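Note sheet for the following structure.
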Amino acid sequence: MNQARSIRWNVSASGARPNPQGSFRYGSINVTDIYVLKNKPLEKINGKRRATLSGNSFVNPSTPIRLADQYKLKGVYKLDFPTKPLTGSPRTETSVINGTYRGFMEIILQNNDTKMHTYHMSGYAFFVVGMDFGDWSENSRGTYNKWDGIARTTAQVYPGAWTAILVSLDNVGVWNLRTENLDSWYLGQETYVRVVNPEVNNKTELPIPDNALFCGALSKLQKPQKVSSDAPSISRNKLKLFFTWLIVFAWIHIFQ
122 MNQARSIRWN VSASGARPNP QGSFRYGSIN VTDIYVLKNK PLEKINGKRR
172 ATLSGNSFVN PSTPIRLADQ YKLKGVYKLD FPTKPLTGSP RTETSVINGT
222 YRGFMEIILQ NNDTKMHTYH MSGYAFFVVG MDFGDWSENS RGTYNKWDGI
272 ARTTAQVYPG AWTAILVSLD NVGVWNLRTE NLDSWYLGQE TYVRVVNPEV
322 NNKTELPIPD NALFCGALSK LQKPQKVSSD APSISRNKLK LFFTWLIVFA
372 WIHIFQ
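Take 122 as the starting number for the sequence shown in my numbering and just add one per residue.
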């Protein structure tokens with residue numbers, strides 16, 4: 122852990138861009154959202170072994186979350202992911218974090234498992250500002266690195282320890298936050314961060330592509346997919362290779 126904490130950003134260096142490294146003063150930005158995400162060893166929910174994050178084991182919906190938003194479908198997911206670990210029995214829900222567009226989120230990853238976990242957040246690079254053994258508390262903020270933390274998309278959390286990250290929510294969409302341990306991921310240790318631009322004329326998100334796959338409640342909207350085959354091009358390449366080798370062998374035979 123000491124080695125991991127010693128890796129810092131060289132804020133005195135600069136590259137071919139107008140803003141030098143370190144000009145984004147993440148340590149002075151007001152935090153708008155705080156989430157403490159705690160994992161545990163596998164536990165049984167309704168008789169089945171599940172992995173949880175803050176007491177919630179994620180269930181993937183049959184309809185993609187962002188498409189459900191676009192077509193105003195209700196009941197596909199819930200914006201009720203707990204800001205702190207649940208104290209009651211664990212649950213299985215399609216529970217999503219409601220991120221504030223252009224907000225600044227603090228996420229504490231608490232690893233109460235006996236093995237190392239790494240967590241990945243799609244769509245963003247976040248600043249790793251602190252990690253330590255034991256349980257995180259508000260006093261732990263006094264140990265944060267608010268100046269030259271590394272920006273990355275994946276962070277390690279040691280067994281019986283915590284890692285704190287800060288992320289600027291400027292990328293509209295629904296972004297996966299998950300453990301990289303495949304067994305735990307498959308068994309539900311993940312959630313999504315939903316970031317929506319509240320402006321009526323939303324110019325910060327691209328429209329749905331023509332080849333989007335519709336499923337679940339929107340399966341009736343699925344368009345026929347064009348299936349292209351690379352077989353002809355593969356055959357042509359094989360033929361070219363054959364004639365190339367034929368010419369090579371001919372030249373070898375002539376000049377022997």
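C-beta: ideal position from N, C-alpha, C; glycine also.
Note that this is a predicted model, so its numbers are computed, not measured.
Euclidean distance between Cα positions of Q346 and N233: 45 Å
For N302 and T239, the rounded distance between their alpha carbons: 7 Å
How big is the Cα-Cα spacing for L362 and I375? 20 Å
Cβ atoms of A172 and L163: under 8 Å apart, would you say? yes
Separation of I229 from G196, as counted between CA atoms: 28 Å
Can you tell me which residues form a DSSP beta bridge with Q378? Here the chain has residues from 122 to 377 only, and residue 378 is not among them.
Sequence ranges, beta strand (DSSP E) only - wholly within the region 276-346, length at least 3: 282-289, 294-300, 311-316
What three-state label does DSSP hand N219 in the structure shown? strand
Cutting at 8 Å between CB atoms, please list the residues of its own chain near P182, excluding the five before and the five after it. A189, V197, Y198, T215, G337
If I follow the unbroken beta strand (DSSP E) through L230, where does it start and stop? 225-232
Note down, in chain order, each residue of its chain lying with its Cβ closer than 7 Å to the Cβ of G148, except the 5 sequence neighbours on either side. K267, W268
Identify the continuous alpha helix (DSSP H) that holds L200 and give its terminal residues. Per DSSP, L200 belongs to no alpha helix (DSSP H) and is neither H nor E.
For V295, tell me which candidate among M242, R212, A333, Q231 has the shortest Cα-Cα distance. M242
Among L342, R223, L308, which residue has its Cα nearest to the Cα of Y100? Residue 100 is absent from the model: the chain starts at 122 and stops at 377.
Going by beta-carbon coordinates alone, are V249 and R273 separated by less than 8 Å? yes
What does the Cβ neighbour count give for L298, buried or exposed, with the cut at 16 atoms within 10 Å? buried
Taking the CB atoms as reference points, tell me whether R404 and N219 lie closer together than 8 Å. Nothing about residue 404 can be read from this structure; the chain reaches only from 122 to 377.
Same chain only: Cβ atoms within 8 Å of M122, ignoring 5 sequence neighbours per side: M252, D253, F254, Y279, A282
Once DSSP output is grouped into helix, strand and coil, what is the label at I271? coil
M226 burial status per 10 Å Cβ neighbour count (16 or more: buried): buried
Contacting residues, own chain, Cβ-Cβ under 6 Å from F335 (five flanking each side not counted): L342, Q343
Could you compute how far the alpha carbon of R212 sits from the alpha carbon of A134? 48 Å
Would you report the Cα separation of V321 and P203, rounded to the nearest angstrom? 28 Å
Exposure of T221, with buried meaning 16 or more beta-carbon neighbours within 10 Å: exposed
Beta-carbon proximity list for E326, same chain, < 6 Å, skipping 5 on both sides: V293
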